[in-house]
Structures are given as structure tokens and as C-alpha cells.
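In this note's numbering, the protein residues as written are 9 to 262. Notes to accompany the following structure.
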């Protein structure tokens, strides 16, 4: 039985190496062909960074505006449902209560998406040019306004949350207050949050961060430059997760 398990483990590892090697060969072959075809080593990339940024900005702005509008739509829906909820009996209102919380969660997530995408657009559009004669700065005012508006709107979302949950939540809660509020959720909601957190951590550690390392490695090969900032950011996130795992182990196995 033990020999069978070892054989199965060997076969599984061999398959993983074979799949990994095949993917690496395809990606590496494609990159090598592209570098030779476009003569990237001598001529550099066939496109300018400014061209890529300009092509990204408009889709990013459309995305965060749609996200913000959808978030507002869900909050308006929550407020309408809340009025109906107050007029219902306790037995009849359970399904509507779940619906309100679901729509409120959608509104919160979409508003967070708005903040992230508007921040990305702001950072991509922000430029500073320094020379001995002059200094020039380009500041994307529209992206900044949307990001600030989404931040203020987040306070209103929390106010609505306090109303439908019948709890006291500060408009600008600290991380400790947010954790305390989460611990007050019912058992099913807590289990869903624990599962989501576990999935996020496992996917970050096992899939997303390794994919970022591989992408940065191949990008460094193409550009002939080490992407130090990206590597350091990915490594810091990875180390943070591992340090938290160490802390969990220390606290649990006292």
C-alpha cells in the first residue's frame, strides 16, 4: 500500500513537471521567436510605453465610472428594500433582509473596485518631468476627483450598513473596529468570510504571486531590465502572508 502511494506521488510529480516544462517551453519559445522576429535586443520593444498607457486610460475610466454607477444603483435598491423591510413582520422579512445585505455587499465591492481602478488610472496618468531649466507636472484631476468621491461615498455606504444592521458603525472605522464588527456576524456569515479569506490566501500564495514572479521574469528577459519594483512588491506581499502564517501557528500551538 505504501509503495502504491509513493508510486502515485511520483507519477503526480512527474505530470506536474511535464506540464510545467511544456508551458515553459511554449512561453519561452514564443518569447524567443518574438524577440528574434522583431529584433527586440537591438531595437527594443516595437511599441512605446506612452502608447500603451494612452490606450489603457479610457477603458479604465469607463470601467470605474460603470462600477461607481452600479454601486449607487445597488445602494438605492437597498434603501427602497429597507423601507419595505420596516413595514413587514419578522417572519416575512427574513428573505428581504438577506437580499438587502447581498445588494449592500455588491455596492461595497463595486465602490472598492472604483477606488482601485481610479487609483491605477491616476498613477498611470500622473507625470513629473524635471530638467535644469524647468519642472513640469501632469496631474489627472478627473481621476483624483472620482477617487475622492468614492472615498466619501464609502462613508455613506457604512452609514447605510449601520442602519440595516441596527448597529453603531463609525463613518471612518479603524481596522480593529472592522474586525470587531465582523466577529458579530452570525455563524453562517462568519463561515463564508473564513472560507473567502482562506481561498484568497491560498490563491495568492499558490497561484497569483508565482504567476507574477514568472511574468516579471519573462518581462525582464524581453526588456533586458530587472523589474525590481514589481519583484519587491510581490515578495513583500508573499512574506507578509508567510509571517501571518507563522503568527497563527505560534498563537494556536501555545
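No residue lacks a Cβ here, since even glycine has one placed at the ideal position from N, Cα and C. Computed from a prediction, not measured in an experiment: that's the story for all the values here.
| Item | Value |
| --- | --- |
| Pair within 8 Å by beta-carbon distance, residue 129 and residue 69 | yes |
| Complete alpha helix (DSSP H) runs within the segment 168-223 (minimum length 4 residues, chain order) | 183-190, 195-211 |
| Counted within 10 angstroms of its Cβ, other Cβ atoms place residue 72 as buried (16 or more) or exposed | buried |
| Straight-line Cα distance separating residue 131 from residue 146 | 11 Å |
| Straight-line gap, residue 56 to residue 211 (C-alpha atoms, nearest Å) | 33 Å |
| 8 Å contact criterion, which residue 118 and residue 78 should meet: CB distance rounded | 5 Å |
| Cβ separation of residue 104 and residue 89, assumed to be a contact under 8 Å, to the nearest whole Å | 6 Å |
| Counted within 10 angstroms of its Cβ, other Cβ atoms place residue 8 as buried (16 or more) or exposed | Not covered by the structure: residue 8. The range shown for the chain is 9 to 262. |
| Contact under 8 Å by Cβ, residue 82 with residue 111 | yes |
| Whole-Å CB distance - residue 123 paired with residue 96, under 8 Å assumed | Contact flag wrong, Cβ pair sits at about 34 Å. |
| Helix, strand or coil at residue 135 according to DSSP, with G and I counted as helix | strand |
| Nonlocal neighbours in the same chain, by C-beta distance under 6 Å from residue 172, ignoring five residues either side | 90, 108 |
| Under 8 Å between C-beta atoms of residue 181 and residue 193 | no |
| Minimum C-alpha distance to residue 168 - residue among 58, 186, 87, 67 | 87 |
| Buried or exposed by the 16-neighbour rule on C-beta atoms within 10 Å, applied to residue 248 | exposed |
| Neighbour-count burial assignment, residue 125, 16 or more Cβ in a 10 Å radius | buried |
| Rounded separation between residue 255 and residue 206 - CA only | 16 Å |
| Which of helix, strand or coil DSSP assigns to residue 10 | Because the pLDDT of residue 10 is 49, which lies under 50, any placement of that residue in the model is unreliable, and the number read from its coordinates should be weighed accordingly. Helix at residue 10. |
| Residue 242 (DSSP reduced to helix, strand or coil) | helix |
| Under the three-state DSSP convention, the category residue 233 falls into | coil |
| For residue 96, the three-state DSSP class (helix, strand or coil) | coil |
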